[in-house]
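Notes to accompany the following structure.
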Amino acid sequence: MGKYVLRCLECGLRVADAYTNKCPRGHDGLLRSEYSCELSLRKLGGIWKFWDWLPSTEKPFVNSDAMPATYKSEGLARELRLRNLYVSFNGFWPERGAFVETCTFKEYEAIATFQRAYETTSRILVVASAGNTARGFAQVSASCGMPVVCVVPEKALRRLWATKEPSHVVLVAVRGDYPDAIRVAASICDACPHLFVSEGGFRNVARRDALGVVLLDAVFRMHVFPTHYFQAVGSGTGAIGVFEQATRLLNESKNMRGMPRLHLAQNLPFAPMFRAWKARRSKIIPEDTADAEIRIRQMYADVLSNKNPPYALKGGVYEILRATHGEMYGITNEEAKSAQKLFESVEGIDIDPAAAVAVAALIQAVERGVIRKEDTVLLNISGGGYKRLNESHLTCLLCKMDATIRALEIEEIVKELQECIKGHTQRATEAGETLNI
Ligand SMILES: *Cc1c(COP(=O)(O)O)cnc(C)c1O
Ligand SMILES: [Zn+2]
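In this note's numbering, the protein residues as written are 10 to 446.
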């Protein structure tokens, strides 16, 4: 057996990874990576420290220092009267050893995904994004030289920047919202399947395993499992990844205490998983996503907007909440903003609105008495350090993407993309660069 295989959580079938994101038998349940080796810490940069449990069999060529910085909180801990509050900071905060230059944990997903694609497919990745994912993929594309097609809603363009010239990124701006971007990305792949492959979203094991590194890093830092884990969720990809990495660790070392309780937070007024969970439903129904467009526009943390999160399927959010006696929180914009202010003032770093949603959930849980003073708590600050990045004299110019294509007809887009890709390859060859496809 190789280093890892993918196992269908529905039928148990094991398959070799050919950038496989769905069970060959057509099951809807998730594929999960199964690693044959135990986890030993590698002397590699960034998240590759956990290479053993990331879907890669070769020496990583996607190099990056981006990884979580786990530390014991003093400021917020004092404020909430918690003795063992740990923060997993995922963003830019050099003083804490956090060097995620696109300022969110999406960058880990990009690192692991490019490496996985490099090893398992010759096709070009297509990513649909509300902004933060595209930024992560653009940054990593810039540093590893692999091309990527990013499809984003037009209004997310302001979120697209990188600290390196992202010259291998082809950008498609869609008139509409995130779900429209998802549709366009899918059509591009359908129209030209020999050239393009959908990155896979929550079905992509590289994304989940990379986000689960948050937990691995925390456990090594804390020497125990946290009793409670807090995170803001849009799709829940990160939370599932944390659950999966925790499962691997628990199977390995029996002396570790039990699985952390997952406390997952969404931003009202658009919180379909929160609504379904509160109604004790295992499925999201149309009522949960009613008036999506209007509600998404009202969200303070709109990166958390997702109409079709992996909630009901095998291995999805409903299941991991059940398995961990988890809880969901609905956070208003006001609660998020005041949590954000509090965090910034007591911890000394600015945070992403989505991360503020997680902080607000922790505050709620403490107020409700769900958490005891002594409990070990891990708070995932999934993004932050934008202000810190701007202050830093090390910061490069925030580059504009090189190509924007208006979404017209899919055939036209695909034709333009093919030209773009050809252009990239040519320019790279002329410049004597090797384009890693
Ligand atoms: C995407 C994102 C999330 C939510 O992650 P999911 O895996 O989609 O649940 C949380 N915080 C930040 C900063 C994000 O960019
Ligand atoms: Zn199956």
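Every residue, glycine too, gets a C-beta built ideally from N, C-alpha and C.
{"Item": "C-beta contact flag for Met155 and Phe205 at 8 Å", "Value": "no"}
{"Item": "Reference Val71, options Val214, Arg34, Ile120, Val193, closest by Cα", "Value": "Ile120"}
{"Item": "Close-in-space but distant-in-sequence residues of the same chain around Arg87 (CB under 8 Å, 5 per side omitted)", "Value": "Val355"}
{"Item": "Beta-carbon proximity of His272 to Tyr338, cut-off 8 Å", "Value": "yes"}
{"Item": "Residue environment, Val233, which counts as buried when at least 16 other CB atoms sit within 10 Å", "Value": "exposed"}
{"Item": "Short Cβ contact (8 Å threshold) for Leu277 with Val251", "Value": "no"}
{"Item": "Residue list, Cβ distance to ligand 1 heavy atoms smaller than 6 Å", "Value": "Thr113, Lys115, Asn141, Ala241, Val242, Gly243, Ser244, Gly245, Thr246, Gly247, Val312, Leu313, Asp361, Ala363, Ala364, Ser391, Gly392"}
{"Item": "Arg34: CB within 7 Å of a non-hydrogen atom of ligand 2", "Value": "yes"}
{"Item": "Status (buried if at least 16 other CB within 10 Å, exposed otherwise) for Lys52", "Value": "exposed"}
{"Item": "Whole alpha helix (DSSP H) elements within the region 230-281, 4-residue minimum", "Value": "246-261"}
{"Item": "Alpha carbon of Lys98 to alpha carbon of Pro235, nearest angstrom", "Value": "According to the sequence provided, residue 98 is Phe. The question's Lys does not apply to it. Looking at the two C-alpha atoms, the distance is approximately 15 Å."}
{"Item": "Cβ separation of Arg3 and Phe283, assumed to be a contact under 8 Å, to the nearest whole Å", "Value": "This structure leaves residue 3 out entirely; the chain is present only between 10 and 446."}
{"Item": "Cys201: CB within 7 Å of a non-hydrogen atom of ligand 2", "Value": "no"}
{"Item": "Beta carbon of Pro189 nearer than 8 Å to that of Val181", "Value": "Looking at the sequence shown, residue 189 is not Pro but Asp. No, the Cβ-Cβ distance between Asp189 and Val181 is not below 8 Å."}
{"Item": "4 or more residues per run - each alpha helix (DSSP H) lying fully within the region 190-228", "Value": "214-220"}
{"Item": "Whole-angstrom C-beta distance between Val158 and Val136, which should lie under 8 Å", "Value": "7 Å"}
{"Item": "Where the alpha helix (DSSP H) containing Leu85 begins and where it ends", "Value": "84-89"}
{"Item": "Cys153: CB within 7 Å of a non-hydrogen atom of ligand 2", "Value": "no"}
{"Item": "Collapsed DSSP secondary structure at Thr29 in the structure displayed", "Value": "coil"}
{"Item": "Among Leu91, Trp60, Pro69, Trp102, the one whose alpha carbon lies nearest that of Gly79", "Value": "For the sequence presented, residue 79 should be read as Thr rather than Gly. If we check each option's Cα against that of Thr79, Trp102 comes out closest."}
{"Item": "Contact set for Ala255: own chain, Cβ-Cβ below 6 Å, skip 5 residues either direction", "Value": "Leu224, Met268"}
{"Item": "Rounded separation between Leu407 and Ala299 - CA only", "Value": "Caution applies to Leu407, whose pLDDT of 45 falls short of 50 and renders its modelled position unreliable; the model cannot decide the point."}
{"Item": "Any 3 or more C-beta pairs closer than 8 Å across the region 287-299 and the region 200-214", "Value": "no"}
{"Item": "Tyr309 (DSSP reduced to helix, strand or coil)", "Value": "coil"}
{"Item": "Cβ-heavy atom distance, Glu19 to ligand 2, below 7 Å", "Value": "yes"}
{"Item": "Near ligand 2: Leu322 beta-carbon under 7 Å from a heavy atom", "Value": "no"}
{"Item": "Alpha-carbon to alpha-carbon, Gln373 and Cys429", "Value": "49 Å"}
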